Amino acid sequence: MLEIKDLTVTYHTNTSLVCAVNNVSFSVKKGESVGIMGESGCGKTTLAMAVMGLIQDADISGKILFNNDNLLAIPEKKLNQYRWKKIAIVFQNSLEVFNPVLTIGEQIIEPMRTHAALSLKKADIRMRYLLELTGLDPEWANGYPHQMSGGMRQRALIAMAISCDPKFLIIDEPTTSLDPESRDSILRLIKELQKRIGFSLIMISHNLSALREMTSTVMTMCCGQIVEQGITADVMRNPMHCYTRGLIDASPDFFKYKDLWGIRGTIPQNTQSNGCAFYSRCCQAGENCKNQRPILQYVSVERKVACHKGGIETLLEVYGIQKTYLLKDRKIPAVKDVDLNIKSGEIVALIGKSGSGKSSLAHILVNLLSPDKGEIFFMGKKVKGFKVTKKIGGMQIVFQDPFSSTSHRMRVLDVVNEPLDIMKWKTAEERNIKSMAAISMAGLPCSDDFLQRYAHTLSGGQRQRLSMARALVTGPRLLIADEVTSMLDPSSSANLLRELKGLQNIHGFSMLYITHDFHLARKVANRAYVMSEGRIVESGPSFEIFERPVHPVTISLMNSSFSKKEQKKRKKG
Amino acid sequence: MIFFQGKKSRVIEYLFTIWVIFTLNFFLPRTMPGDPFLFISADEEGEEVAQFSEEQRNYYMAYYGLDRPLYSQYFSYFSDLSKGYLGYSLYYNQPVTIILLHRLPWTLCLVMTAVILSTVIGIVLGGFCAVYADRWEDRLLYFMLIAISEIPAFLVGLVLLFFFAAGMGLFPLSGAMTHFSGYDGFMEKTGDILHHAALPVIALTLTRISGIFLLTRSSIITVLTKTYIKTARAKGISGQRIFIKHIFRNAMLPIVTRVFLSLGSLVGGAILVENVFAYPGLGKLMRDAVMMHDYPLIQGIFLMVTISVLSANFIADLVYKKLDPRISDAAAADGH
Chain A
35 MLEIKDLTVT
45 YHTNTSLVCA
55 VNNVSFSVKK
65 GESVGIMGES
75 GCGKTTLAMA
85 VMGLIQDADI
95 SGKILFNNDN
105 LLAIPEKKLN
115 QYRWKKIAIV
125 FQNSLEVFNP
135 VLTIGEQIIE
145 PMRTHAALSL
155 KKADIRMRYL
165 LELTGLDPEW
175 ANGYPHQMSG
185 GMRQRALIAM
195 AISCDPKFLI
205 IDEPTTSLDP
215 ESRDSILRLI
225 KELQKRIGFS
235 LIMISHNLSA
245 LREMTSTVMT
255 MCCGQIVEQG
265 ITADVMRNPM
275 HCYTRGLIDA
285 SPDFFKYKDL
295 WGIRGTIPQN
305 TQSNGCAFYS
315 RCCQAGENCK
325 NQRPILQYVS
335 VERKVACHKG
345 GIETLLEVYG
355 IQKTYLLKDR
365 KIPAVKDVDL
375 NIKSGEIVAL
385 IGKSGSGKSS
395 LAHILVNLLS
405 PDKGEIFFMG
415 KKVKGFKVTK
425 KIGGMQIVFQ
435 DPFSSTSHRM
445 RVLDVVNEPL
455 DIMKWKTAEE
465 RNIKSMAAIS
475 MAGLPCSDDF
485 LQRYAHTLSG
495 GQRQRLSMAR
505 ALVTGPRLLI
515 ADEVTSMLDP
525 SSSANLLREL
535 KGLQNIHGFS
545 MLYITHDFHL
555 ARKVANRAYV
565 MSEGRIVESG
575 PSFEIFERPV
585 HPVTISLMNS
595 SFSKKEQKKR
605 KKG
Chain B
221 MIFFQGKKSR
231 VIEYLFTIWV
241 IFTLNFFLPR
251 TMPGDPFLFI
261 SADEEGEEVA
271 QFSEEQRNYY
281 MAYYGLDRPL
291 YSQYFSYFSD
301 LSKGYLGYSL
311 YYNQPVTIIL
321 LHRLPWTLCL
331 VMTAVILSTV
341 IGIVLGGFCA
351 VYADRWEDRL
361 LYFMLIAISE
371 IPAFLVGLVL
381 LFFFAAGMGL
391 FPLSGAMTHF
401 SGYDGFMEKT
411 GDILHHAALP
421 VIALTLTRIS
431 GIFLLTRSSI
441 ITVLTKTYIK
451 TARAKGISGQ
461 RIFIKHIFRN
471 AMLPIVTRVF
481 LSLGSLVGGA
491 ILVENVFAYP
501 GLGKLMRDAV
511 MMHDYPLIQG
521 IFLMVTISVL
531 SANFIADLVY
541 KKLDPRISDA
551 AAADGH
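Line by line, the protein sequences are chains A and B.
Residue 35 is where the first sequence starts when you use this note's numbering, and the numbers rise one by one after that.
Residue 221 is where the second sequence starts when you use this note's numbering, and the numbers rise one by one after that.
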């Protein structure tokens, strides 16, 4: 029905060209609902304006085909035959979206008189009907925009948009500035109207849960480019572009308990670069991402992603790991047939009771234990020996007990230098500089005095930070954190975890966060694996695992962690 | 009830303003140096100047009640006013009311014509420039009108008089009608009046256009950026309707206020222009009255001007409320 081909909109400012929509193509079928998400300023609204033919002071190229008529080639006057009758828009709600000096009724009647050539009387009757249909008192026909509340205005905007029974409706941010109750009723209203009138829908929003409710397919826009496209439920559950994942992570209604972290960096101002729009903020950016724009292409059925790496990379793939300890004559199975994968830039929690095999698995991953069976791939290559842990940008582990994991007979600087020394990385001088950077990154002082202290003089919290510095000094792509905070007091633990998450957000490394503390896991994890008796019993996005667990083991673990009794007690208290 | 309260306070506001102005009206002329009987003439043309003796002067002062203490004069002024009596001109020997009614139509004719002309031309030019903003047509007009607005009205009048009346003889030099001419019909009389009024009206209009022009231009440019204009365009209604109902309807709000509020300053401009063209309106009358220290006449003229400015404000209030629904709601809220 609507097909957009290579649409580019370029605004001229005094000093430069701003490309608000950059080579966008997509199509919307009859009756379909398509969502567009993205941060403010990503070009969503410009795209809508371009479809309505409302952009005057910009260069527009490409094609906007509506039932095979190219709207961009139609002169302004003829465009009026399409506007409102065929394509209507619900503008983003603001006080000035209505003419302040005309009554609501007059403004709703206006297009009907033009397009449906209704007599004033008939138009008036229909207008009152529309107001009622959208849940407003028809008396509002004589009201002025400034007399309405935001929610009422949103309803009036919708009433105006459907006045000519459009075939196609664009809705721009229908839920911003509305309270949750009016938000829900507005969304319900739009759904009902769509059933009744049968229009196709483009819904623009940065509210992801609204999009999830309303649309069947969704697109992510970043700096005027579409970077991901797919079925809404799939995209929200398993985003494949780092930008989409960032948007989902930043939505509090998706992860109720997770700490809020926005996408690092800000929207780049220079949108004319030839590279990937998300390059400067991406956690897996490579050289070709800078200079070459990735094409939006299929990475799986019904999913398109614009990324040179084919979407979010999978850093670690683990297949069929088995490990059995032998105690005299007894065999104790520790890890049973575990599959696991970790993508770039995400925090995966591995949760389970103590003794469920979590640490054994972690040790196997970094080759401190050899598995009886199974294969491990890091960045697509099979892991052999210590190759992966012995390189810059590899895999590192931080252990539970800092007192045994750092030698108390070594000086602070030497502890951190050690991995570099083993790698024989550059010169001693450069190693010192890199180590000092890692030490301050881990939140430790960098004074000469401190660097020369022996590890045994440090406190527990400092020792744990020291082992973190040792892991971070190699700039790992994947950090395995095995119960890193369990030996610390709550305050040190909170500080350490927040700093670790902050570092992760800035540097974009991935983390396997192994813990039995579900409260902490719920605060940081994107995804979670639940382990019990050596097996992975359940896995999924953390908003599913923590809120709607399916496996009985997970349910019982959740119940004991977030116990109902405790909540009741608190209520009574 | 709320609405009523809002109105009530408004009325009190107006009454207070009127009282302050009446009082000023009374005291201001009396603070001028000299008194009416330093010079007085019995002749209406005011050419003949008679010198009064001390005795005569005292006699006249007593006759007109000017020897009484100020407060007593003040009270009798108010009691006269309340009866609608404006006093008796010392110089013209006629009731002030009669003189005013005789002169008022001329000034009204000048001022109203100038207001209408300047408003219409200003809006048309301003609208044109707003639509073609930043093109050469806009820049040229903008520059020209800014330049004209800097010239005071009487200077424009003098230049017009010099070129078109004195130089080319296209227009009469002074007056509002040709003296002693018997007109053959209504048309001829009207033609003669228009002929006389043309230059003063042009002078007044020219100096007023730029204000309206600038306001219209910026007002329309502002309105054009508003979201509701996008809404209107998206609705696919005709360009004409968008301009009238959405652009102009909103852009005219500040213009209406400006036109009504500028009526007061326009009377000021009229005084100078009328004197340049020796046009027999209130402006020229005021100058004469001030020269002659004709207290009752000065008071009468000021009163007239005051009332017209106040009623212009009042009408502006009413019209604005009709035009902008937001204002009446705000006024109602004030009454709380």
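All C-beta atoms, glycine included, are put in the ideal place defined by N, C-alpha and C.
Note that the structure is a prediction, hence the values are computed from the model and not measured.
**Request:** Have a look at Tyr540 (chain B) and Val421 (chain B) and give me their C-alpha separation to the nearest angstrom.
**Result:** Here the alpha carbons of Val421 (chain B) and Tyr540 (chain B) stand approximately 27 Å from one another.
**Request:** Please list the residues of the segment 440-456 of chain B that have a C-beta atom closer than 9 Å to any C-beta atom in chain A, keeping them in chain order.
**Result:** Within the segment 440-456 of chain B, the qualifying residues are Lys446, Thr447, Tyr448, Ile449, Lys450, Thr451, Ala452, Arg453, Ala454, Lys455 and Gly456.
**Request:** Mind checking which residues open and close the beta strand (DSSP E) that includes Met237 (chain A)?
**Result:** Met237 (chain A) -> beta strand (DSSP E) spans Ser234 to Ile238.
**Asked** Is there a Cβ from chain A that is less than 7 Å from the Cβ of His466 (chain B)?
**Response** Output row for His466 (chain B): interface = yes.
**Top-ranked residue by Cα proximity to Thr339 (chain B), from B:Asp549, B:Leu502, B:Phe534 and B:Thr477** = Answer by Cα proximity: B:Thr477.
**Prompt:** Would you call the CB atoms of Glu130 (chain A) and Thr447 (chain B) closer than 7 Å?
**Reply:** Contact: yes.
**Message:** Give me the chain A residues within the contact set of Leu185 (chain B), using Cβ-Cβ distance strictly less than 8 Å, ordered along the chain.
**Reply:** There is no way to answer for residue 185 (chain B), as the model of chain B reaches only from 221 to 556.
**Item:** CA-to-CA distance, Phe363 (chain B) to Glu357 (chain B), given in whole angstroms
**Value:** Approximately 10 Å between the Cα atoms of the pair.
**Message:** Counting only C-beta atoms, is Arg478 (chain B) closer than 7 Å to chain A at any point?
**Reply:** Taking 7 Å as the threshold, the shortest C-beta distance from Arg478 (chain B) to chain A does not fall below it.
**Message:** Judging by CA-CA distance, which residue of B:Ser458, B:Tyr312 and B:His415 is the nearest neighbour of Phe384 (chain B)?
**Reply:** In terms of Cα proximity to Phe384 (chain B), the closest of B:Ser458, B:Tyr312 and B:His415 is B:His415.
**Item:** Simplified DSSP state of Cys329 (chain B), which is helix, strand or coil
**Value:** Of the three classes helix, strand and coil, the one that applies to Cys329 (chain B) here is helix, per DSSP.
**Asked** Residues in its own chain within less than 8 Å of Leu365 (chain B) by CB, not counting five upstream and five downstream?
**Response** The beta carbon of Leu365 (chain B) sits closer than 8 Å to those of Leu345, Ile429, Ser430, Phe433 and Leu434, all from its chain and outside the five residues before and after it, given in chain order.
**Message:** Closest to Met524 (chain B) by C-alpha separation, out of B:Gly501, B:Met512 and B:Pro545, would be which residue?
**Reply:** The shortest C-alpha separation from Met524 (chain B) is found at B:Gly501.
**Request:** Determine the direct distance from the alpha carbon of Ile232 (chain B) to that of Pro545 (chain B), and round the result to whole angstroms.
**Result:** If you take the alpha carbons of Pro545 (chain B) and Ile232 (chain B), they lie about 23 Å apart.
**Message:** Quick check: is the beta carbon of Arg409 (chain A) nearer than 7 Å to any beta carbon in chain B?
**Reply:** A quick correction: the sequence has Glu, not Arg, at residue 409 (chain A). Not closer than 7 Å to any Cβ of chain B, the Cβ of Glu409 (chain A) fails to qualify, so no.
**Contact check, Gly264 (chain A) vs Gly77 (chain A), beta carbons under 7 Å** = Not closer than 7 Å, so no.
**Euclidean distance between Cα positions of Ile94 (chain A) and Leu41 (chain A)** = Between Ile94 (chain A) and Leu41 (chain A), the C-alpha separation is close to 7 Å.
**Request:** Kindly list the residues whose CB is nearer than 7 Å to the CB of Ser216 (chain A), restricted to its own chain and excluding five residues on each side of it in sequence; keep chain order.
**Result:** Gly185, listed in sequence order.
**Message:** Tell me which residues share the same chain as Glu73 (chain A) and place their Cβ nearer than 7 Å to its Cβ, disregarding the 5 neighbours each side in the sequence.
**Reply:** Hits under 7 Å: His240 and Ile301.
**Asked** In this structure, does DSSP put Cys276 (chain A) in helix, strand or coil?
**Response** Cys276 (chain A): helix per DSSP, three-state reduction.
**Item:** Reference Ile238 (chain A), options A:Tyr116, A:Ala190 and A:Ile205, closest by Cα
**Value:** Of the candidates A:Tyr116, A:Ala190 and A:Ile205, A:Ile205 places its Cα closest to the Cα of Ile238 (chain A).
**Request:** Give the secondary structure of Asp103 (chain A) by DSSP, where H, G and I count as helix, E and B as strand, and everything else as coil.
**Result:** Strand at Asp103 (chain A).
**Item:** Length of the line joining the Cα atoms of Ser292 (chain B) and Gly307 (chain B)
**Value:** Per the coordinates, the alpha-carbon of Ser292 (chain B) lies some 15 Å from the alpha-carbon of Gly307 (chain B).
**Request:** Verify whether the separation of the beta carbon atoms of Ala190 (chain A) and Ile138 (chain A) is less than 7 Å.
**Result:** In this structure, the beta-carbon distance from Ala190 (chain A) to Ile138 (chain A) falls below 7 Å.
**Message:** To be precise: take each residue of the segment 177-193 of chain A, compare its Cβ to all Cβ atoms of chain B, and keep it if any distance is under 8 Å. Which residues remain?
**Reply:** Listed by position, the residues of the segment 177-193 of chain A near chain B (Cβ gap below 8 Å) are Tyr178, His180 and Gln181.
**Message:** As an exercise, report each continuous alpha helix (DSSP H) stretch of at least 4 residues that is fully enclosed by the segment 54-119 of chain A, in chain order.
**Reply:** Qualifying alpha helix (DSSP H) stretches, in chain order: 78-86 and 110-113.
**Request:** Tell me, please, whether the segment 556-564 of chain A touches the segment 572-592 of chain A by the rule of three or more beta-carbon pairs shorter than 8 Å.
**Result:** The segment 556-564 of chain A and the segment 572-592 of chain A touch, with no fewer than 3 CB-CB distances between them shorter than 8 Å.
**Request:** Mind checking who Thr254 (chain A) pairs with in its DSSP beta bridge?
**Result:** Beta-bridge pairing links Thr254 (chain A) to A:Met71 and A:Glu262.
**Request:** Measure the CB-CB distance between Phe522 (chain B) and Asn245 (chain B) and report whether it falls below 7 Å.
**Result:** A contact, by the Cβ cut-off of 7 Å.
**Message:** Run through chain B and tell me which residues come within less than 7 Å of Pro145 (chain A), C-beta to C-beta.
**Reply:** Here the neighbours are Lys455, Gly456 and Ile457.
**Prompt:** Looking at the unbroken beta strand (DSSP E) that takes in Gly386 (chain A), where does it start and where does it end?
**Reply:** From DSSP, Gly386 (chain A) is part of no beta strand (DSSP E); its letter is neither H nor E.
**Prompt:** With a CB to CB cut of under 8 Å and the five nearest residues on each side skipped, what residues in its chain are close to Ile319 (chain B)?
**Reply:** By the criterion of a C-beta distance shorter than 8 Å, Ile319 (chain B) is surrounded in its chain by Ser309, Tyr312, Leu505, Leu517 and Gly520, once the five residues flanking it on both sides are discounted.
**Residue(s) in a DSSP beta bridge with Ser544 (chain A)** = According to DSSP, which records beta bridges pairwise, Ser544 (chain A) is partnered with A:Leu512.
**Request:** Below 8 Å CB to CB, which residues in the same chain sit around Leu330 (chain B) once its five sequence neighbours on both sides are set aside?
**Result:** For Leu330 (chain B), where only same-chain residues beyond five positions count, the Cβ hits under 8 Å are Ala417, Pro420, Val421, Leu424, Ala490, Val493, Glu494, Tyr499 and Gly501.
**Prompt:** Checking contacts by CB at 7 Å: is Arg355 (chain B) closer than that to chain A?
**Reply:** At least 7 Å separates the CB of Arg355 (chain B) from every CB of chain A.
**Request:** Quick one: which residues of the segment 459-473 of chain A get their C-beta closer than 9 Å to a C-beta of chain B? List them in chain order.
**Result:** Per Cβ criterion, the list is empty.
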